[in-house]
Amino acid sequence: MHRTYSLRNSRAPTASQLQSPAPPPSTTKKHYFGKSGIASSLRINTAGSFGPELAKKLAQYVKMEKNVMRALELAANERRAVAKQLSVWGEENDDDVSDITDKLGVLIYELGELDDLFIDRYDQYRLTIKSVRNIEASVQPSRDRKAKITDKIAYLKYKDPQSPKIMILEQELVRAEAESLVAEAQLSNITREKLKLAFNYQFDSIREHAEKMALIAGYGKALLELLDDAPVTPGETRPAYDGYETSKQIIIDAENALRNWTLDSAAVKPTLSIRQVDDVYDTSDEEALENEEYQKHREDLDKELNGLAETEENFTQEEHPEEKATA
1 MHRTYSLRNS RAPTASQLQS PAPPPSTTKK HYFGKSGIAS SLRINTAGSF
51 GPELAKKLAQ YVKMEKNVMR ALELAANERR AVAKQLSVWG EENDDDVSDI
101 TDKLGVLIYE LGELDDLFID RYDQYRLTIK SVRNIEASVQ PSRDRKAKIT
151 DKIAYLKYKD PQSPKIMILE QELVRAEAES LVAEAQLSNI TREKLKLAFN
201 YQFDSIREHA EKMALIAGYG KALLELLDDA PVTPGETRPA YDGYETSKQI
251 IIDAENALRN WTLDSAAVKP TLSIRQVDDV YDTSDEEALE NEEYQKHRED
301 LDKELNGLAE TEENFTQEEH PEEKATA
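Residue numbers (this note's numbering): 1 to 327.
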């Protein structure tokens with residue numbers, strides 16, 4: 001990890017980083033236009049220029065997450081294309097290379113399929129965060145109204161301290177403050193609820209995605225064991241390749257492992273100094289109750305996301321009347 005305990009401060013390199021320095025940056029990374037493309041930067045800046053002040057920062061965050069989704073989708077499509085091309089190239093080679101590259105192409109193509117599934121789940125997380133932005137936007141008018149009444153009272157007290165309007169405005173201010181308190185409490189509650197729900201869903205998706213990719217990597221290395229890389233002298237012929245059935249079985253085993261994977265069988269668990277691992281990934285009798293509550297949250301989330309999908313286009317057109325695409 002290249003940051004300290006906060007993203008706002010950098011940290012000194014660790015011992016492992018000093019021992020094994022990072023490789024040089026990829027030559028394919030963009031340098032001319034910075035870390036992101038012009039279109040991506042324009043979308044982010046535009047998202048923060050419109051809408052209520054309270055919702056601008058989260059609106060930018062939601063737009064940035066959509067740019068992440070676009071990048072993930074591009075990577076997934078390219079990965080599938082790469083898998084096909086690997087098989088095409090290997091077909092012209094010797095029997096062993098031809099068979100292994102074909103099977104490797106199957107595994108790499110499955111990586112692209114996993115990426116595609118992860119994108120769909122990533123969008124559900126993004127829409128949940130987006131619902132907080134919508135609540136922030138709805139709270140802004142009550143803040144503005146309270147501030148406007150406060151300014152009017154201060155102006156009248158300065159210009160005409162005996163004005164009868166002051167009492168009327170003070171009564172309006174009391175009502176505005178009451179409305180604002182309700183709105184702020186709702187925002188506080190929903191922010192915490194949706195933030196926890198969204199990132200729980202996101203981290204579960206990341207966990208599943210990462211462990212399934214690790215499974216594929218393991219079966220890919222098993223395929224490579226079938227490839228005879230012993231050097232031969234000029235004129236010497238390699239032994240005939242007889243690994244067709246073995247390579248086919250490796251693919252079948254990989255499919256079964258991916259199909260049978262569940263969150264309960266996840267192999268990677270965090271090591272925490274402040275609590276036991278089982279406090280985070282409980283394996284006791286309470287697990288069934290936690291799963292039931294999680295499923296209930298998921299059902300509530302699905303219902304809300306259906307409503308968000310219907311109103312997303314209208315909200316986007318209010319922010320950017322000139323755009324027809326959804327936010």
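Ideal placement from N, C-alpha and C gives every residue a C-beta, glycine not left out.
- Judged by DSSP in its simplified three-state form, Trp261 adopts coil rather than helix or strand.
- Its chain contains Lys146 as the residues whose beta carbon lies nearer than 8 Å to that of Glu177, once the 5 sequence neighbours on both sides are disregarded; these appear in chain order.
- Secondary structure at Glu236: coil, using DSSP grouped into helix, strand and coil.
- Note on geometry: alpha-carbon atoms of Asp144 and Ala185 lie some 16 Å from one another.
- For Gly220, the uninterrupted alpha helix (DSSP H) run begins and ends at 165-224, by DSSP.
- Taking a 10 Å sphere around the C-beta of Gly90, we find 16 or more other C-beta atoms and assign the residue as buried.
- Residues Arg80, Ala83 of the same chain have their beta carbon placed closer than 6 Å to that of Tyr109, with the five preceding and five following residues left out of the count.
- No residue range can be given for Thr271, since it is assigned to no alpha helix (DSSP H) and is classified by DSSP as neither H nor E.
- Taking 8 Å as the cut-off, the Cβ atoms of Ala55 and Glu170 do not count as close.
- Taking the Cα positions, Thr191 is about 6 Å away from Val132.
- With fewer than 16 other beta carbons inside 10 angstroms of its own, Asp95 counts as exposed.
- Here DSSP, grouped into helix, strand and coil, assigns Asn256 to helix.
- For Gly243, the secondary structure class from DSSP, reduced to helix, strand or coil, is coil.
- Put simply, the backbone Cα of Tyr241 is about 15 Å away from that of Pro231.
- In this structure, Ala75 sits near Asp115, with a CB-CB distance shorter than 8 Å.
- Taking a C-beta distance under 8 Å as the contact criterion, Ile166 and Lys157 qualify as a contact pair.
- Boundaries of the alpha helix (DSSP H) harbouring Gln60: 56-90, taken from the DSSP string.
- Residues Asp96, Val97, Ile100 of the same chain have their beta carbon placed closer than 8 Å to that of Leu227, with the five preceding and five following residues left out of the count.
- In the three-state DSSP reduction, Ala266 falls in the coil class, being neither helix nor strand.
- Counted as a single uninterrupted DSSP element, the stretch harbouring Gln162 is not any alpha helix (DSSP H), since DSSP gives it neither H nor E.
- For Tyr219, the CB contacts under 7 Å within the same chain, skipping 5 residues up- and downstream, are Leu107, Ile250, Asp253, Ala254 in chain order.
- Exposure of Tyr155 is indicated by the presence of fewer than 16 other C-beta atoms within 10 angstroms of its C-beta.
- In this structure, the beta-carbon distance from Tyr122 to Met69 falls below 8 Å.
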